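Below: one structure, written as structure tokens.
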Amino acid sequence: MNPFPLKSVLTLLLTGALVMGTAHLALADNDDGDEEDEREEGRWFESHRALGPVDNATYTQECGSCHLAYPPGLLPAQDWAQIMTPEALANHYGDDASLSEAVRSEISAFLAANAGDGAWQRDATSGLSHGDAPPGDLPRITATVQFRREHKEIPARLVTGNPGVKSFSQCNACHRKATEGQYDERWIDIPGYGPWSD
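Numbers -28 to -1, 1 to 170, taken from mature numbering (1 follows the signal peptide of the UniProt record, and there is no 0), label the letters of the sequence shown in order.
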């Protein structure tokens, strides 16, 4: 008589395969290492340097009084220059955001110096190109290829159809630590929906 019947051996092998498969799936779904992997692949969006906390008090006070003081690394310098012209500020996405020349110059210099096309940002040009943004419109962070890539899985109803968010431009509505430069998945909490994980 065989001490290990074929049925027992097959059951043991199948159970082992099931356990290994489940463990593999659990590890594959773990997002904790994604940020490092994405930086190694040249993806700039997760870079803490590109999206770190804004460290300019004038920019934070003047621009952050109406919306998130967006990290300058989200747009190239030429786009910030276009946004910061006196004419563009007078009609800043439908609002008058006019500034004194001294304040405008200070903020413009800060944005240009920290824009998304610095030498440390390897693929800024491809990540920040504007896809199908209408010509003549002011540049929009939400129109960049990289922004669209990062947010493509988010249903519009959770953002534009959500009174707690209203627009994809309201980063800090869902990215709870946006002002600290933290855009990791673990800090996403969509109002009325809860934590987001892809």
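Yeah, the Cβ is synthetic: ideal placement off N, Cα and C, and Gly gets one too. Since the model is a prediction, treat every value here as computed from it, not as a measurement.
Check your understanding: For Arg76 versus Pro58, is the C-beta spacing smaller than 8 Å?
Key -> Numbered from its first residue, the sequence shown carries residue 76 at position 104. Numbered from its first residue, the sequence shown carries residue 58 at position 86. Yes, Cβ-Cβ distance for Arg76 and Pro58 is below 8 Å.
Exercise for review: Assign Cys38 to buried or exposed, taking buried as 16 or more other Cβ atoms, counted over all protein chains shown, within 10 Å of its Cβ.
Suggested key: By one-based count along the sequence shown, residue 38 stands at place 66. It counts as exposed.
Exercise for review: Within the same chain, show all residues whose beta-carbon is closer than 8 Å to that of Asp67, passing over the 5 residues directly before and after it, in chain order.
Suggested key: In the sequence shown, residue 67 corresponds to position 95, counting from 1. Cβ neighbours of Asp67 beyond the five flanking positions: Cys38.
**Study point:** Three-state class that DSSP yields for Ile126 in the structure shown
**Key:** The residue you call residue 126 lines up with position 154 of the sequence shown. The answer is coil: DSSP assigns Ile126 none of H, G, I, E or B.
Review point. Roughly how many whole angstroms lie between the Cα atoms of Lys149 and Gln54?
Key: Here residue 149 is taken as the residue at index 177 of the sequence shown, counted from 1. Here residue 54 is taken as the residue at index 82 of the sequence shown, counted from 1. About 28 Å.
Check your understanding: Applying the criterion that 16 or more other CB atoms from any shown protein chain within 10 Å of the CB defines a buried residue, is Asp51 buried or exposed?
Key -> Within the sequence shown, residue 51 is the residue found at index 79, counting from 1. When all chains shown are included, Asp51 counts as buried.
Review point. Can you give the Cα-Cα distance for His63 and Met56, rounded to whole angstroms?
Key: To locate residue 63, count along the sequence shown from 1; it is residue 91. To locate residue 56, count along the sequence shown from 1; it is residue 84. One detail in the question is off: residue 63 reads as Asn in this sequence, not His. Computed Cα separation, rounded: 11 Å.
Practice item. For Pro43, I'd like the list of residues in its chain whose CB is within less than 7 Å of its CB, leaving aside the five on either flank, ordered along the chain. Key: Along the sequence shown, one-based indexing puts residue 43 at 71. So the qualifying residues of the chain are Ala22, Leu23, Gly24, Val26 and Gly153.
Check your understanding: Under 8 Å, do Gly108 and Leu46 count as touching if we go by C-beta distance?
Key -> Counted from its first residue, the sequence shown places residue 108 at position 136. Counted from its first residue, the sequence shown places residue 46 at position 74. Against a cut-off of 8 Å, the Cβ pair of Leu46 and Gly108 comes out as no contact.
Check your understanding: When DSSP labels each residue in this structure, what does Pro58 get in the three-state scheme?
Key -> The residue you call residue 58 lines up with position 86 of the sequence shown. Helix.
**Study point:** Close-in-space but distant-in-sequence residues of the same chain around Tyr31 (CB under 7 Å, 5 per side omitted)
**Key:** Here residue 31 refers to the residue found at position 59 when the sequence shown is read from its first residue. Here Tyr31 has Ala41, Ile79 and Phe82 as same chain residues with Cβ atoms under 7 Å from its own Cβ, once five neighbours each way along the sequence are excluded.
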